[in-house]
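To start, the structure itself, in structure tokens.
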Amino acid sequence: MSLDPNDNIPPFVPPHNRRPKESLLTALRGRELGKNRGKCSVLTSRRMYRSIYPNATLHGVNCQYSFLKKFTPCGQYLIGMSKNQRAVHIYRFKGSGGPPDERPTESLQFWDYFELKHETLVLRGTELLSKDFCLVTANGRFVIVAAVSPSTGGPSETRTYPCALNCISNLDTVVFYVIELATGKITDKREFPREYIMIAHHYGVSLYDSLFAVMLIKSQAIQIIHVKNNGRLVDMHRIGWFNHEDDEWVLAQYRDFNGQYIAQSGMSASASTYLRGFSPKDEDMSDPRTADRHESFALAPNNASPMEPLSETTYHQVPSGSNNTNGQSPRANQLSSHLSAQTASRQPQCDEPHSQTLSGIKQRLMAYLFRKAFYADDEGAALRHFHLTFQQFASLVMWRMQFLDESTLLIKFGKLDCVVGKPMDSSHQTAFFVFYDIHTTEILQVYDNASTEFLRLYESWADQFCATAYTTAGKDKRHFSSTCSNNVYAKDHLKKTQYGMRNARNGGSAQAVKRSLSVLPYSPQSFSDSPYLDQALFSYDEKLISALDRQKLYQDVPIKFYLRGSGGLRFKIHLFKPSPSGNASNSSSSSSSNSGSTNGGAITTANTNTANNTANNTNANVTPTNPSGGGAATGVTGSTTRNRRFAQFIPHPFEPFIISVIHQQQQPTIVNFHIRVPEQDTTTL
1 MSLDPNDNIP PFVPPHNRRP KESLLTALRG RELGKNRGKC SVLTSRRMYR SIYPNATLHG
61 VNCQYSFLKK FTPCGQYLIG MSKNQRAVHI YRFKGSGGPP DERPTESLQF WDYFELKHET
121 LVLRGTELLS KDFCLVTANG RFVIVAAVSP STGGPSETRT YPCALNCISN LDTVVFYVIE
181 LATGKITDKR EFPREYIMIA HHYGVSLYDS LFAVMLIKSQ AIQIIHVKNN GRLVDMHRIG
241 WFNHEDDEWV LAQYRDFNGQ YIAQSGMSAS ASTYLRGFSP KDEDMSDPRT ADRHESFALA
301 PNNASPMEPL SETTYHQVPS GSNNTNGQSP RANQLSSHLS AQTASRQPQC DEPHSQTLSG
361 IKQRLMAYLF RKAFYADDEG AALRHFHLTF QQFASLVMWR MQFLDESTLL IKFGKLDCVV
421 GKPMDSSHQT AFFVFYDIHT TEILQVYDNA STEFLRLYES WADQFCATAY TTAGKDKRHF
481 SSTCSNNVYA KDHLKKTQYG MRNARNGGSA QAVKRSLSVL PYSPQSFSDS PYLDQALFSY
541 DEKLISALDR QKLYQDVPIK FYLRGSGGLR FKIHLFKPSP SGNASNSSSS SSSNSGSTNG
601 GAITTANTNT ANNTANNTNA NVTPTNPSGG GAATGVTGST TRNRRFAQFI PHPFEPFIIS
661 VIHQQQQPTI VNFHIRVPEQ DTTTL
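For the sequence shown, position 562 (counting from the first letter as 1) is numbered 562 according to the UniProt record's numbering, and the numbering increases by one without interruption.
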């Protein structure tokens, strides 16, 4: 059969593969039929949240007694603090379904979803609770809060170790309280008087399972505390001046032995004590070198006080070009200069790098750098560079830290100006990341914050770095975390950020690496473990909302959540009630706040169905929004207000319930509940 070219043959149209509609009914039906594999329970539960999401907003909820902080990982309690920062409020979450009675949704109040279970008072002097500090222990039974009060003593009065910083003027007394969630009682506390700890956003602490570490910047030490199952705190050891747990005990034994030896030999503490095997009879006292040897081999100088033994102190003498012309040994010069410094009044200024005493962990760091330079095959160039930069490395101070596991710490060292000076962008400052083994007291590896090797390590093992940032029990409970190592969208976002930094005016490759590594070390529980913030499920603007527990600058647009894959708009979050014309105003926000303080709040629904929007128009208190429409922007117009607004989001760990808190200077705080209400129609996208 031959084909006539004049015949009208319709063109070939390939079949269109329609994407199946995602709805709750379809997801439940697929789970009932066993369409998912047996080992995909976590993935299946995650996909279920594509059909269960907040579709309404309760504006201006009355919450005038507390600062709401966070949900517990179990989702049973909500933790808040009183307005005067003297009490901790523990609320029990009743569920996202609301009260069982058939009441209008717009009449719901704060107490319909929460019940005040305990109120724990912290009344001691001038202590105030920190609004930016709240940690839940690994077993989920206790919460750790921090109270801060100003200290009256000066920094030089509390210099416990020679490596401590004496240039910090504003010191505080920080007290950590452990409160049991079930009873509301304080089980234990730990106080750090006249110390400098970065309390805001958990920067100065780390929590891994039952280990709680505190970064003491003034003392240049890391205090490791064990949190027992009954809520008691047990001090394990302090890393800084000492490395091992029993270093201080061993040195105390040597001091006792030295005292016993002096007492048995019949010599006074002020007399010169010689090493064993040395006798004045064996030397010629007329030789001028004999006096030098007497002072060099003495355990303590003639004018030393027995209250300040120097036998356990090691000083590092930086090489200089000047010669010793007084006939004394360098060791004797160091001892005499130290004694003169002890008798003189200390000034509130930092010591010079060459006069500072190396602590135990700093000695480990310098020894690691020396061995690395000594064994480098570069004809001694690395060793010469080590000697040239010795003072710079010796002047580094411990800045932040985090647990990687129960025996490994990631410690960030930085310059003194960056740590205790004016707050600056840390991504532009030089810093060093040190991997430290707690048990063996060894330095495993050292990287600077411009190292591309460390950046590749972070991109490949980001889950290990931020395991303690999501929950306290590690990565086994993190089902909704998105990092650059387990999510292609998060990795793509990181690559775009690096590309923009490399091509910026004052940027470059080194600045791009520093900006990417500036998030390390991670703070504990600094991410919200919510399925709606999982980048594998939803796409959203990270400038408006993110999993990081920080305040976001409020913008006059609704926050839209899109489905991954299809790209369809799933739901919106409205921070202010939109006006009938589609634009919000200052009066609407203030009226919603005032109405929330008396009668509850105004409800705003955000459905994906046009039929639902038409049906909801009959209710005067319900303002529908069409997510498929492009237009209406909600919120207060930026040109009509002078003060900036900041929004903070508190999502529930697994239920469709999100709390948004809007802060504005000299204005009352506005609290909104983003909830799920029953839909009138089952039609979906």
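The C-beta atom is built at its ideal place from N, Cα and C for all residues, glycine as well.
Residue i burial status per 10 Å Cβ neighbour count (16 or more: buried)
i, result
"Pro73", "buried"
"Asp246", "exposed"
"Gln525", "buried"
"Gly231", "buried"
"Thr618", "Because the pLDDT of Thr618 is 34, which lies under 50, any placement of that residue in the model is unreliable, and the question is left without a value."
"Leu409", "buried"
"Lys281", "Any reading at Lys281 must be qualified, since the residue scores a pLDDT of 45, below 50, and its modelled position is unreliable; no value is offered."
"Val622", "A caution first: Val622 carries a pLDDT of 37, below 50, which makes its placement in the model unreliable, though a value can still be read off. It counts as buried."
"Gln220", "buried"
"Trp241", "buried"
"residue 725", "With the chain represented from 1 up to 685, any question about residue 725 goes unanswered, as that position is not in the structure."
"Gln665", "exposed"
"Glu106", "buried"
"Pro521", "buried"
"Asp549", "buried"
"His387", "exposed"
"Ser265", "exposed"
"Pro678", "exposed"
"Glu195", "buried"
"Tyr499", "exposed"
"Pro558", "buried"
Candidates the options: closest to residue i by CA position
i, options, result
"Met236", "Val145, Phe242, His226 and Gln429", "His226"
"Lys228", "Val178, Asp378, Tyr91 and Trp461", "Val178"
"Glu453", "Glu115, Ile443 and Leu517", "Leu517"
"Glu115", "Ser149, Glu102 and Gly80", "Gly80"
"Phe374", "Ala367, Tyr368, Thr483 and Leu383", "Leu383"
"Gln392", "Phe561, Ala431, Ile411 and Tyr458", "Ala431"
"Lys69", "Leu135, Asp112 and Val61", "Leu135"
"Ala56", "Ile670, Lys572 and Ala647", "Lys572"
"Phe576", "Leu537, Val61, Gly568 and Glu32", "Val61"
"Glu127", "Ile545, Arg141, Pro193 and Lys495", "Pro193"
"Lys495", "Phe257, Arg46 and Cys484", "Cys484"
"Ile52", "Trp249, Tyr261 and Ala27", "Ala27"
"Phe527", "His201, Leu78, Lys372 and Tyr49", "His201"
"Phe142", "Ser407, Lys94, Phe212 and Ile168", "Phe212"
"Ser451", "Ala164, Gly568 and Val434", "Val434"
"Leu129", "Ser82, Asp112, Gln109 and Thr160", "Ser82"
Nearest-angstrom Cβ-Cβ length linking residue i and residue j, presumed shorter than 8 Å
i, j, result
"Arg400", "Tyr203", "6 Å"
"Val513", "Leu457", "Actually they are not in contact, since the Cβ atoms of Val513 and Leu457 sit about 12 Å apart, beyond 8 Å."
"Ile658", "Pro54", "6 Å"
"Phe673", "Leu58", "4 Å"
"Asp463", "Asn486", "6 Å"
"Ser206", "Gln402", "4 Å"
"Val175", "Ala138", "Not quite, the Cβ-Cβ distance comes to about 22 Å (not below 8 Å), so this is no contact."
"Leu537", "Arg564", "6 Å"
Which of helix, strand or coil DSSP assigns to residue i
i, result
"Asn486", "coil"
"Thr137", "coil"
"Trp399", "strand"
"Arg505", "coil"
"Ser526", "coil"
"Arg384", "helix"
"Ile670", "strand"
"Lys552", "strand"
"Thr72", "coil"
"Glu180", "strand"
"Ser219", "coil"
"Lys131", "coil"
"Tyr447", "strand"
"Thr105", "helix"
"Phe257", "helix"
"Thr160", "coil"
"Arg232", "coil"
"Asp112", "helix"
Residue i: CB within 7 Å of a non-hydrogen atom of the ligand MG
i, result
"Leu116", "This structure lacks the ligand MG; in fact it carries no ligand of any kind."
Checklist entry - Can we say the segment 645–658 touches the segment 529–543, given the rule of at least three CB pairs closer than 8 Å? => result Result yes; three or more Cβ-Cβ pairs closer than 8 Å.
Item to check | Inter-stretch contact (C-beta, 8 Å, three-pair minimum) for the segment 120–137 and the segment 81–90 | outcome: Yes: at least three Cβ pairs fall under 8 Å.
Checklist entry - Touching or not, the segment 443–450 and the segment 360–369, by the rule of three or more beta carbon pairs under 8 Å? => result Counting Cβ pairs under 8 Å, three or more are found: they touch.
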